[in-house]
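Trainee: Note that this note's numbering gives residue 667 to position 314 of the sequence shown, counting from 1, and the numbers run on in steps of one.
C-beta atoms are modelled at their ideal positions from N, C-alpha and C, and glycine is treated no differently.
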Amino acid sequence: MAKEPKEPPPPAAAAAAQPKPKYEPRPVEKVKDPIISQIGDFRRYQLFFFFIVVLCKFGTGWHTLAHIFLAAPTPLKCLTPNVTDACSKDCNQTEFNTTVFKTTIITEWNLTCDKQSLASLSQSIVMLGIMIGGMSFGMIADRWGRRPAFLLCCFMQLFTGLIVCASPYFWFYCLFRFLVAVATGGTMTVSFVLLMEIIGPKKRELIGILYQIPFNIGHASLSLFAFYIREWRWFQFSVTIFSVIFVIYIWLVPESPRWLFTTGRVDKSVKVLERIARHNRAPTDTIKQEMEAAHQVLASRQPTKKGNVVDLFRTPYMRLKTICMANDWLVVCMVYYGTAQYIAKLGGDIFLNVLIAALLGIPGTLLCVVLTKYLGRKMTMMLSNGLSACGLLLLVFLYKSTQLVQVMCATLGLFGASITFPNVYLYGAELFPTVVRSNGMGLCSMVGRIGGLLAPMICELDSYGAWITPLVFGVFSVLAMLGTIFLPETRGMPLPETLEDGESFGRKSPKAQS
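1) What does the Cβ neighbour count give for residue 653, buried or exposed, with the cut at 16 atoms within 10 Å?
2) Pick from 772, 502, 737: whose alpha carbon is nearest that of residue 791?
3) Indicate whether residue 612 and residue 558 have their beta-carbon atoms separated by less than 9 Å.
4) Rounded to whole angstroms, what's the CA-CA distance from residue 456 to residue 581? Just pull it up for me.
5) Can you give the beta carbon distance from residue 540 to residue 565, rounded, assuming they're within the 8 Å contact cut?
6) Give a yes or no on whether the C-beta atoms belonging to residue 386 and residue 561 are separated by under 9 Å.
7) Is residue 601 buried or exposed, if buried means 16 or more other CB atoms sit within 10 Å of its CB?
8) With three or more beta-carbon pairs closer than 8 Å as the criterion, would you say the segment 667 to 674 touches the segment 851 to 861?
9) Report yes if the C-beta distance between residue 763 and residue 740 is below 9 Å; otherwise report no.
10) According to DSSP, is residue 370 helix, strand or coil?
11) Based on the DSSP output, what are the partners of residue 764 in its beta bridges?
12) Give me the Cα-Cα distance between residue 767 and residue 808, rounded to the nearest whole angstrom.
13) How do the segment 460 to 468 and the segment 483 to 493 stand: do at least 3 beta-carbon pairs fall below 8 Å, yes or no?
14) Given that a residue counts as buried once 16 or more other Cβ atoms are within 10 Å of its Cβ, and exposed if not, what is residue 522?
15) So, are the CB atoms of residue 444 and residue 433 less than 9 Å apart?
16) Just grab the DSSP bridge partners of residue 506 for me.
17) Given residue 431, which residues of its chain have a CB within under 6 Å of its CB, disregarding the five upstream and five downstream residues?
18) Pull up the distance between the alpha-carbon of residue 727 and that of residue 691, whole angstroms please.
19) Shortest alpha-carbon distance to residue 555 belongs to which of 402, 507, 845, 477?
20) Of the residues 761, 829, 429, which one's Cα is nearest the Cα of residue 682?
21) Taking 8 Å as the cut-off, does the segment 381 to 399 touch the segment 619 to 639 (at least 3 CB pairs, one atom from each stretch)?
22) Checking the sheet assignment: what are the DSSP bridge partners for residue 429?
23) Going by DSSP in three states, residue 608 sits in which element: helix, strand or coil?
24) Spell out a yes or no on whether the segment 817 to 824 and the segment 701 to 714 are touching, meaning 3 or more CB-CB pairs, one atom from each, closer than 8 Å.
25) Taking C-alpha atoms, which residue in 498, 458, 832, 675 lies nearest to residue 621?
26) Let me know if residue 597 comes out buried or exposed under the rule of 16 or more other beta-carbons within 10 Å of its beta-carbon.
27) At the level of alpha carbons, what is the spacing between residue 709 and residue 573?
28) Taking residue 478 and residue 529 to be in contact with their CB atoms under 8 Å, please state how far apart those CB atoms are, rounded to whole angstroms.
29) What did DSSP end up calling residue 542 once you bin it into helix, strand or coil?
30) Under three-state DSSP, which class holds residue 377?
31) Taking 9 Å as the cut-off, decide whether the C-beta atoms of residue 896 and residue 731 are in contact.
32) Per DSSP, which residues does residue 456 bridge with? Please list them.
33) With a Cβ-Cβ cutoff of 9 Å, do residue 571 and residue 415 count as a contact?
34) According to DSSP, is residue 386 helix, strand or coil?
35) Residue 585: buried (16+ other C-beta within 10 angstroms of its C-beta) or exposed?
Following this line, the structure appears as structure tokens:
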């Protein structure tokens with residue numbers, strides 16, 4: 354006999370039988386930015402992602418400035434009787450003073466006398482590598498995605514850094530320090546872009562600036578590493594082995610949903626956004642529908658196109674903004690590294706000098722947070738460059754004063770640059786449209802490294818006149834301040850997405866013009 358079908362349970366009983374959600378979704382404020390409208394301006398996931406990605410910034414400070422201790426001053430003395438000049442032809446036997454540093458690349462390959470310039474050349478090669486790395490990995494990130502570019506440069510930094518420790522020859526050392534620098538330049542650019550593309554405008558300036566503090570901490574901690582590790586190979590190993598932690602990025606760093614969305618990979622973008630939304634306890638049921646609608650609007654405005662460096666110069670206003678922002682990068686790298694080197698020339702304890710110079714960047718970075726929030730990016734950029742100009746140009750007229758006065762003027766110039774440095778990262782990331790953001794940041798980073806390459810050469814001009822070096826740095830600071838006038842304010846504005854957005858962003862509307 355056939356069984357009678359069971360009657361469905363009443364609606365109230367069916368509702369009670371369904372599992373309750375693990376959390377009550379918190380609504381997300383709908384804004385012009387389709388990405389932020391799904392995951393929120395800055396919630397749990399963005400905070401977690403910040404603390405994860407920020408780990409790579411320590412390595413940028415270590416590898417960029419490790420040369421200070423890798424090639425630390427190691428005095429050479431002559432053991433030949435009645436000969437004081439160790440570089441003299443009459444000196445038959447020499448000896449390094451290893452009371453402070455047991456080994457350096459100077460002692461390893463005898464980079465003294467006619468080979469003395471090779472030590473500085475190795476650091477110039479590092480700055481060249483950072484320049485090339487920022488540009489090349491920026492292109493890779495825009496073409497093939499932020500995640501593969503980021504993982505590649507992180508692991509490249511680890512493996513090439515370890516090979517440096519075992520360098521048998523000087524030029525082998527230079528080659529792999531160059532490769533480390535290429536990877537370091539990549540982490541600088543791509544990590545910042547990854548972070549900025551999932552943070553809304555309300556917290557963007559705070560996170561973008563605080564993101565630079567680990568660089569200062571990494572710079573300062575070099576003094577501690579070098580104080581306890583006086584052999585260059587083990588010193589290099591100590592600042593490299595930390596990169597093993599980058600393995601966690603394989604599982605914890607997803608592709609940028611903004612890049613996926615802008616390049617037409619809407620379904621993949623939706624999956625990443627849904628995962629982030631769940632972490633942020635935001636609603637997920639409308640993400641697919643809203644993102645598809647947003648992409649239709651984007652596609653109707655301009656077909657999906659992958660950008661390149663040439664696109665930064667195709668249109669007049671985008672070209673002007675690119676040139677002015679690149680100039681800001683050139684000047685801040687020149688002034689920051691150059692003035693830090695100038696202060697270090699004053700002598701004293703090398704560990705203490707490096708520590709103080711590095712720690713000076715932390716209050717400058719924190720002050721940048723306040724200034725960019727209440728005065729905006731543009732005004733902060735002009736004020737900080739003006740501060741550097743005042744300190745350095747004042748030094749031009751006071752170069753015959755006491756050492757204390759000279760140090761105070763140079764410190765004022767360095768402090769201004771420490772405010773500018775985090776701001777150029779934040780300002781640049783907000784200024785360039787998504788399709789060329791990594792290219793734009795990579796280009797600016799490359800130009801900035803040219804400033805870093807020029808800084809030591811400018812410092813050498815003090816042999817012709819003590820006032821020349823601060824004059825050059827001061828004049829360039831004035832030029833950066835004037836160039837910033839032509840840049841638009843970006844505080845609280847949605848990120849431009851397309852090349853069309855990039856050209857129109859910051860222009861006055863017809864109504865405003867009339």
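Mentor: The short version:
1) The residue you call residue 653 lines up with position 300 of the sequence shown. By the neighbour-count rule (16 or more Cβ atoms within 10 Å), residue 653 is not buried but exposed.
2) For the purposes of this step, residue 791 is identified with residue 438 of the sequence shown, where counting begins at 1. Checking every option, the nearest Cα to that of residue 791 belongs to 502.
3) By 1-based counting over the sequence shown, the position of residue 612 is 259. By 1-based counting over the sequence shown, the position of residue 558 is 205. No, the Cβ-Cβ distance between residue 612 and residue 558 is not below 9 Å.
4) Counted from its first residue, the sequence shown places residue 456 at position 103. Counted from its first residue, the sequence shown places residue 581 at position 228. A straight line joining the alpha-carbon of residue 456 with that of residue 581 spans about 13 Å.
5) Indexing the sequence shown from 1 puts residue 540 at position 187. Indexing the sequence shown from 1 puts residue 565 at position 212. Wrong, their Cβ atoms sit about 13 Å apart, outside the cutoff.
6) Counting from 1 along the sequence shown, the entry for residue 386 is found at position 33. Counting from 1 along the sequence shown, the entry for residue 561 is found at position 208. The criterion of a C-beta distance shorter than 9 Å is not satisfied by residue 386 and residue 561.
7) Locating residue 601 in the sequence shown gives position 248, where the first residue counts as 1. With fewer than 16 other Cβ atoms from the protein chains shown falling within 10 Å of its own Cβ, residue 601 counts as exposed.
8) Judged by Cβ distances under 8 Å, the segment 667 to 674 makes contact with the segment 851 to 861, as three or more pairs qualify.
9) Locating residue 763 in the sequence shown gives position 410, where the first residue counts as 1. Locating residue 740 in the sequence shown gives position 387, where the first residue counts as 1. Contact: no.
10) By 1-based counting over the sequence shown, the position of residue 370 is 17. The pLDDT assigned to residue 370 is 48, lower than 50, so where the model puts this residue is not dependable, and the model offers no usable value.
11) Position 411 of the sequence shown, counted from the first residue, corresponds to residue 764. Per DSSP, residue 764 has no beta-bridge partner at all.
12) Position 414 of the sequence shown, counted from the start, is the residue given in the question as residue 767. Position 455 of the sequence shown, counted from the start, is the residue given in the question as residue 808. Rounded to whole angstroms, residue 767 and residue 808 show a C-alpha spacing of 13 Å.
13) Result no; under three Cβ-Cβ pairs closer than 8 Å.
14) The residue labelled residue 522 in the question sits at position 169 within the sequence shown. Around the beta carbon of residue 522, fewer than 16 other beta carbons sit within 10 angstroms, so the residue counts as exposed.
15) Residue 444 sits at position 91 when you count from the first residue of the sequence shown. Residue 433 sits at position 80 when you count from the first residue of the sequence shown. Yes, Cβ-Cβ distance for residue 444 and residue 433 is below 9 Å.
16) Locating residue 506 in the sequence shown gives position 153, counting from the first residue. DSSP lists no partner for residue 506.
17) Residue 431 sits at position 78 when you count from the first residue of the sequence shown. Only 439, 444, 447 meet the Cβ criterion.
18) Taking the first residue of the sequence shown as position 1, residue 727 is located at position 374. Taking the first residue of the sequence shown as position 1, residue 691 is located at position 338. Just so you know, the alpha carbons of residue 727 and residue 691 end up roughly 30 Å apart.
19) As a first step, residue 555 must be located in the sequence shown, where it is residue number 202. Nearest option by C-alpha distance: 845.
20) One-based indexing of the sequence shown puts residue 682 at position 329. Closest by alpha carbon: 829.
21) The answer is yes - the segment 381 to 399 touches the segment 619 to 639, with three or more Cβ pairs under 8 Å.
22) Here residue 429 corresponds to residue number 76 of the sequence shown, with the count starting at 1. Under the DSSP definition of a beta bridge, residue 429 partners with 449.
23) Taking the first residue of the sequence shown as 1, we reach residue 608 at position 255. Coil.
24) Counting Cβ pairs under 8 Å, fewer than three are found: no touch.
25) By 1-based counting over the sequence shown, the position of residue 621 is 268. Measuring from the Cα of residue 621, the nearest candidate turns out to be 498.
26) The residue given as residue 597 occupies position 244 in the sequence shown. So residue 597 ends up on the exposed side.
27) For the purposes of this step, residue 709 is identified with residue 356 of the sequence shown, where counting begins at 1. For the purposes of this step, residue 573 is identified with residue 220 of the sequence shown, where counting begins at 1. C-alpha separation (whole angstroms): 8 Å.
28) Position 125 of the sequence shown, counted from the start, is the residue given in the question as residue 478. Position 176 of the sequence shown, counted from the start, is the residue given in the question as residue 529. Their Cβ separation, rounded to whole angstroms, is 10 Å, which puts residue 478 and residue 529 out of contact at 8 Å.
29) The sequence position of residue 542 within the sequence shown is 189, counting from 1. Note: residue 542 maps to helix in three-state DSSP.
30) Translated into positions along the sequence shown, residue 377 becomes position 24. The three-state secondary structure of residue 377, taken from DSSP, is coil.
31) Nothing can be reported for residue 896, as the shown portion of the chain is limited to 354 through 867.
32) Locating residue 456 in the sequence shown gives position 103, counting from the first residue. Beta-bridge analysis with DSSP links residue 456 to 584.
33) By 1-based counting over the sequence shown, the position of residue 571 is 218. By 1-based counting over the sequence shown, the position of residue 415 is 62. Result yes, Cβ atoms of residue 571 and residue 415 sit closer than 9 Å.
34) For the purposes of this step, residue 386 is taken as residue 33 along the sequence shown, with counting starting at 1. Coil, per DSSP.
35) In the sequence shown, counting from the first residue as 1, residue 585 sits at position 232. Per the 10 Å Cβ criterion, buried.
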